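Novice: Protein chains in written order, with our numbering: chain A, 1 to 341; chain B, 1001 to 1805. We put the CB at the ideal spot given by N, CA and C, even for glycine. Quick caveat: nothing in here was measured; it's all calculated off a predicted structure.
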Ligand SMILES: [Zn+2]
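Laid out in structure tokens, this is it:
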């Protein structure tokens, strides 16, 4: 019996080895069944154990289990190797063209003017400003008179106006939001007002409709130095940390002192180029200390408060940021243009 | 304003290099826009005498010239033919680089040595075109630099002046500014007038009828003038500031205007009826032919200069043709006046007429310059036109113009600017600007000079101090920020949400003009009472297709879609968030509200290379539902009623929430599409932001704890008539009132609609997936079966649905 069991083991292991590494799974399964199956030679041999004397049974039983274990282990190893081989084969046959575009929903783009305005708004919100809005169609009073631009004032010439009625206009700047906000609220105020404005002008650098951001701050002791500080912080964040600024006197009827702010041309590094017209500076916004007449118009006491205001064109900043050379691109809504931002 | 530095030097010494001067002016608020070096390229061009001209031995068209420019004689080959021996010519010597870029070298031309070039006006950029070389007058000094001789040894600053700085609209004015900036003293020019003979009062008279509009009028008479061309120096200065010389009389008036800033006018005295001047407003029906040849109808608000009978000039704006100085003029009446700014501005605007004179008067001239300018012009006319200046000036000045006295508190100035400048230093700055100051205790009392009408209040002086102190020297500070929670206006947040969502669905954000053609209402077939016909109209649009404020985003989006399709874009996906405007009746500001819109055409799943599918209704509906979801608007209904006429009646839906109409979406009506040359498979979304916000406010989502027990999901396919919409099925299920059912049903989803084999004609199968869940325990199969049965019973009873088998 001992010999028989050993012979079965040797034969099984030999025949398994003969099948070789490339044997199909079915053959290994058949061979396994021949030894370990219900009618396999090992099973048959083990059923014969009942005829043995009781004293031999434990010894033979142990040996039989040993043989069975050895054969099972051998077949498992062979089958494991086979499965691994098959997995490798199947992985090798599965291929994608990795250069084809991925399956994404086509993502649309936010308009570059919106992106620019939102970025600017974000920076000012970070500086403690809150957002206010006003109507596009405004009274002549809010757009001009209250801002110290009476009728027949030469400054009206700078802003050729669309009229809806004698005393109703399309706002020519976002400054009327100053008037509206100050009439509603009391200082301290730190407000920015992004919005759409209109002027009768249409060429490479002027659009009859364009976007502005107005900002103003009113408190007991706001200074021109504060104006410089806030605008420096804003422009350096908007353009570049190292951007140099130039504040020079200018004139807007609703501020005094008034200023125009230039940034150093970042395209030519201040050597002079087409964008800065050889001056090394790019005009970016207008600003100043709020005029006492404006405070009077909204019922503030000019002796008890001070404030600054500034306004800038979003298109101009977007044109500089993205290198767009014709303002009209922004309003043509060509998808070839829009998808670039 | 073009400023010649050579001219400027007559009034103020300039000791700094040109760029430094320009920078100083810019930093003081006089924006030097362009700097033009007139002598650039003429550095090596001199006046030369042509000694001889001989033919070139081997070239018919060339000549050999011998020239002399003070030193040795040079030989120059020349291709021109308009010169002869003895002429004065412009010689460019080797090393010169001409204004047109040409470099001059010693060279051999067809075998003959040429040591320079004789220049034409074109080559020197003195003229656009020229025939032959430049022949100079016989008195041109041989050997001297040509630029100096031509008066082009000069630099022009083109200064862009802000409207408040009328005082700088002259060389004297800019010189004052330079003096204030550099600390140099103004050069005082001693101008005496050689008066002779009869007193002016015996020859003419001046009557001012409206002293408000004309506070001052001064007349002089100059007799026996010889009208002719101006001398070179004067013509050259005028040309440099951009004025074409006409004759010596007119040129002198223009010259004084650019020198002193005072507009002058010369009348032909003989053409004035009774030889006298009346300053008055025009009478109804009067008219005047101005110097530009236009007959102008005058109104009672137009100030005119009249003679005894009729208007002869539009005061402060332009003279009249009938009294113009001509070649035959002998005696002239010279006007120098101060007119009130507003009146001039009204007339100039009404007449659509602008002149150098009106530009200055309407910004505010210097009333104290009137006589000084008259004297200066009279002196020049005597010198250059051989005129005899009658004795005296007829100076009518009934109500002297007073400039204010301003009290400046140095403390206030420092507080506004954020600096710490002593009062003395401020007073000194003001003095440099010609402002008389007196220190009274803690205040500085400043007397504004006659030439600064822009200085009226304390803040104006604060600006003057800041300007001269230097904006760049004001320290930069950051104001301390009060803690606040800046909350964006709700419309703004809605726009941001919508923008995020729609771009996520592949829509690009468009920004279209808020003014559109008023013809859109008809093109879209809006009914006569449609509120979208309540356009706000512009009185002065730039173009007819921008004449009305939009009442809807659709016209702009359709225009943008069309433009893209015409550029061979096959897929259009555009989204816009922006205001629309509704007229609220005369005298009222219109109603403005934010709308959200989108347009979609072409591929349903753009951007992927797999099998495509055309966009349909559901591609438009998807982002709308996503938006409703994001805004937590619950119970919104898509309905087929209440659509705009430009939408396809069967492939569109209006969107409602309770009684609120939130908007609509669907396919553009094929007839409208055809008329607009758009494809008829174009889908639109049009939503009303205020309505969405009201609906969103009601449905702010409360926290729902995550489920603790599993949900049971069951599918149910029912066969119904084709006419029944899936929404009706959901609605009926929603109406099942049994409490246990309502608590357990968490979600219903339509996941398939099937027509065809196995389904009778005129019917369709709709597959629903229902989820049931309890918060207390796991539902049993038996319970869920009962719920499903209930649903089927309801659908069968109300909608004739049958279980699909
Ligand atoms: Zn540059």
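#1: Could you tell me whether the Cβ atoms of residue 1336 (chain B) and residue 1370 (chain B) are closer together than 7 Å?
#2: To test your reading of the DSSP string, which unbroken alpha helix (DSSP H) runs of 4 or more residues are found completely within the stretch 1237–1296 of chain B?
#3: Just to check, is the beta-carbon of residue 222 (chain A) closer than 6 Å to a non-hydrogen atom of ligand 1?
#4: Would you check if the stretch 99–115 of chain A and the stretch 72–91 of chain A touch, i.e. whether three or more CB-CB distances between them fall below 8 Å?
#5: Name the residues in the stretch 1004–1029 of chain B whose C-beta lies less than 9 Å from a C-beta of chain D; which are they?
#6: Whose C-alpha, out of B:1382, B:1417, B:1457 and B:1377, is nearest the C-alpha of residue 1404 (chain B)?
#7: On the DSSP letters alone, give me the boundaries of the alpha helix (DSSP H) that residue 1006 (chain B) sits inside.
#8: In this structure, does DSSP put residue 49 (chain A) in helix, strand or coil?
#9: Quick one: what does DSSP say residue 276 (chain A) is sitting in, helix, strand or coil?
#10: Alpha carbon to alpha carbon, how far is residue 1681 (chain B) from residue 1761 (chain B)? Give it in angstroms, no decimals.
#11: Measure the C-alpha to C-alpha separation of residue 1810 (chain B) and residue 1348 (chain B) and round it to an integer number of angstroms.
#12: Going along chain B in order, which residues have a C-beta closer than 8 Å to the C-beta of residue 110 (chain A)?
#13: For residue 175 (chain A), return the contacting residues in chain B, with the cut-off set at a CB-CB distance below 9 Å.
#14: Pull up the CB-CB distance for residue 311 (chain A) and residue 214 (chain A), whole angstroms please, since I reckon it's below 8 Å.
#15: With residue 1358 (chain B) as the anchor, note down where its alpha helix (DSSP H) starts and where it stops.
#16: With H, G and I counted as helix, E and B as strand and the rest as coil, what does DSSP make of residue 1508 (chain B)?
#17: Using a Cβ-Cβ distance cut-off of 7 Å, determine whether residue 1516 (chain B) contacts chain A.
#18: Based on the DSSP secondary-structure assignment, which residues constitute the bridge partners of residue 1720 (chain B)?
#19: Locate the beta strand (DSSP E) running through residue 168 (chain A), then write down its first and last residues.
#20: Whole angstroms are fine: how far does the CA of residue 1622 (chain B) sit from the CA of residue 1636 (chain B)?
#21: Report the neighbours of residue 1363 (chain B) on chain A: residues whose CB is nearer than 7 Å to its CB, in chain order.
#22: Tell me whether the beta-carbon of residue 1210 (chain B) lies closer than 7 Å to the beta-carbon of residue 1230 (chain B).
#23: Could you confirm whether any beta carbon from chain B is found closer than 7 Å to the beta carbon of residue 9 (chain A)?
#24: State the DSSP-derived secondary structure class of residue 1579 (chain B), mapped to helix, strand or coil.
#25: Write down the C-beta distance between residue 1024 (chain B) and residue 1226 (chain B) rounded to the nearest angstrom, noting that I regard them as a contact closer than 8 Å.
#26: If you compare alpha carbons, which of B:1651, B:1634, B:1631 and B:1646 is closest to residue 1640 (chain B)?
#27: Helix, strand or coil: how does DSSP classify residue 1330 (chain B) here?
#28: For the beta strand (DSSP E) containing residue 1074 (chain B), name the first residue and the last one.
#29: So with CB distances below 8 Å, who are the chain B contacts of residue 52 (chain A)?
#30: If you reduce the DSSP assignment to three classes, tell me which class residue 125 (chain A) lands in.
#31: Fully enclosed by the stretch 1438–1498 of chain B, which beta strand (DSSP E) runs are 3 residues long or longer?
#32: Can you name the residues that DSSP bridges to residue 8 (chain A)?
#33: Between residue 1139 (chain B) and residue 1009 (chain B), what straight-line distance do the alpha-carbon atoms span, to the nearest angstrom?
#34: Within 10 angstroms of its Cβ, does residue 1248 (chain B) collect 16 or more other Cβ (buried), or is it exposed?
#35: Can you find the residues in the same chain that come closer than 6 Å, C-beta to C-beta, to residue 1717 (chain B), ignoring five residues on each side of it along the sequence?
#36: Select from B:1780, B:1265 and B:1470 the residue whose C-alpha is nearest the C-alpha of residue 1319 (chain B).
Specialist: Result, derived from the coordinates:
#1: Here residue 1336 (chain B) is taken as the residue at index 336 of the second chain, counted from 1. Here residue 1370 (chain B) is taken as the residue at index 370 of the second chain, counted from 1. Against a cut-off of 7 Å, the Cβ pair of residue 1370 (chain B) and residue 1336 (chain B) comes out as a contact.
#2: 1248–1260
#3: Taking the first residue of the first chain as 1, we reach residue 222 (chain A) at position 222. Not so, every heavy atom of ligand 1 lies at least 6 Å from the Cβ.
#4: no
#5: Going by chain labels, chain D is absent from the structure shown, which instead holds the protein chains A and B.
#6: Taking the second chain and counting its residues from 1, the one referred to as residue 1404 (chain B) is at position 404. The candidate whose alpha carbon is nearest that of residue 1404 (chain B) is B:1457.
#7: Taking the second chain and counting its residues from 1, the one referred to as residue 1006 (chain B) is at position 6. Where residue 1006 (chain B) is concerned, the enclosing alpha helix (DSSP H) stretches over 1005–1008.
#8: For this step, residue 49 (chain A) is matched to residue 49 along the first chain. Here residue 49 (chain A) sits in helix by DSSP.
#9: In the first chain, counting from the first residue as 1, residue 276 (chain A) sits at position 276. If DSSP states are grouped into helix, strand and coil, residue 276 (chain A) belongs with coil.
#10: What you label residue 1761 (chain B) is simply residue 761 of the second chain in a count that begins at 1. What you label residue 1681 (chain B) is simply residue 681 of the second chain in a count that begins at 1. Using only the alpha carbons, I get a separation of about 27 Å.
#11: Here chain B has residues from 1001 to 1805 only, and residue 1810 (chain B) is not among them.
#12: Residue mapping note: residue 110 (chain A) aligns to position 110 of the first chain, counting from 1. Correct list: 1499, 1503 and 1509.
#13: Numbered from its first residue, the first chain carries residue 175 (chain A) at position 175. Near residue 175 (chain A) there are no residues of chain B at all, since even the closest Cβ is about 17 Å away, more than 9 Å.
#14: Along the first chain, one-based indexing puts residue 311 (chain A) at 311. Along the first chain, one-based indexing puts residue 214 (chain A) at 214. With 8 Å as the limit, residue 311 (chain A) and residue 214 (chain A) qualify as a contact, their Cβ atoms being about 5 Å apart.
#15: By one-based count along the second chain, residue 1358 (chain B) stands at place 358. Residue 1358 (chain B) -> alpha helix (DSSP H) spans 1356–1363.
#16: Here residue 1508 (chain B) is taken as the residue at index 508 of the second chain, counted from 1. Here residue 1508 (chain B) sits in strand by DSSP.
#17: Translated into the one-based positions of the second chain, residue 1516 (chain B) becomes position 516. By this cut-off, residue 1516 (chain B) is not an interface position.
#18: Along the second chain, read from residue 1 onward, the residue named residue 1720 (chain B) stands at position 720. DSSP output for residue 1720 (chain B) lists B:1764 as bridge partner(s).
#19: Taking the first chain and counting its residues from 1, one reaches residue 168 (chain A) at position 168. Unbroken beta strand (DSSP E) run through residue 168 (chain A): 168–170.
#20: In the second chain, residue 1636 (chain B) corresponds to position 636, counting from 1. In the second chain, residue 1622 (chain B) corresponds to position 622, counting from 1. Computed Cα separation, rounded: 14 Å.
#21: Residue numbering aside, residue 1363 (chain B) sits at position 363 when the second chain is read from its first letter. 154, listed in chain order.
#22: Counted from its first residue, the second chain places residue 1210 (chain B) at position 210. Counted from its first residue, the second chain places residue 1230 (chain B) at position 230. For residue 1210 (chain B) and residue 1230 (chain B), no; Cβs fall outside 7 Å.
#23: Translated into positions along the first chain, residue 9 (chain A) becomes position 9. It does not; no Cβ of chain B falls within 7 Å.
#24: Numbered from its first residue, the second chain carries residue 1579 (chain B) at position 579. Looking at residue 1579 (chain B) - three-state DSSP - the assignment turns out to be strand.
#25: As a first step, residue 1024 (chain B) is located in the second chain; it is residue number 24 there, counting from the start. As a first step, residue 1226 (chain B) is located in the second chain; it is residue number 226 there, counting from the start. About 43 Å; that fails the 8 Å criterion.
#26: On the second chain, residue 1640 (chain B) is found 640 positions in, with the first residue counted as 1. Measuring from the Cα of residue 1640 (chain B), the nearest candidate turns out to be B:1651.
#27: In the second chain, counting from the first residue as 1, residue 1330 (chain B) sits at position 330. Residue state, collapsed to three classes: coil.
#28: To locate residue 1074 (chain B), count along the second chain from 1; it is residue 74. Element bounds for residue 1074 (chain B): 1073–1078.
#29: Sequence index remark: in the first chain, residue 52 (chain A) carries index 52 (1-based). In chain order: nothing, as chain B lies at least about 56 Å away.
#30: Translated into positions along the first chain, residue 125 (chain A) becomes position 125. Three-state result, residue 125 (chain A): helix.
#31: 1443–1447
#32: Residue mapping note: residue 8 (chain A) aligns to position 8 of the first chain, counting from 1. Bridge partners of residue 8 (chain A): none, in fact.
#33: If you number the second chain from 1, residue 1139 (chain B) lands on position 139. If you number the second chain from 1, residue 1009 (chain B) lands on position 9. If I take the Cα positions, the gap works out to 26 Å.
#34: By 1-based counting over the second chain, the position of residue 1248 (chain B) is 248. With 16 or more Cβ atoms within 10 Å of its Cβ, residue 1248 (chain B) is classed as buried.
#35: Translated into positions along the second chain, residue 1717 (chain B) becomes position 717. Counting only Cβ-Cβ distances below 6 Å, and skipping sequence neighbours, we find 1765, 1767 and 1804.
#36: For the purposes of this step, residue 1319 (chain B) is taken as residue 319 along the second chain, with counting starting at 1. Residue 1319 (chain B) has its Cα closest to that of B:1265, out of B:1780, B:1265 and B:1470.
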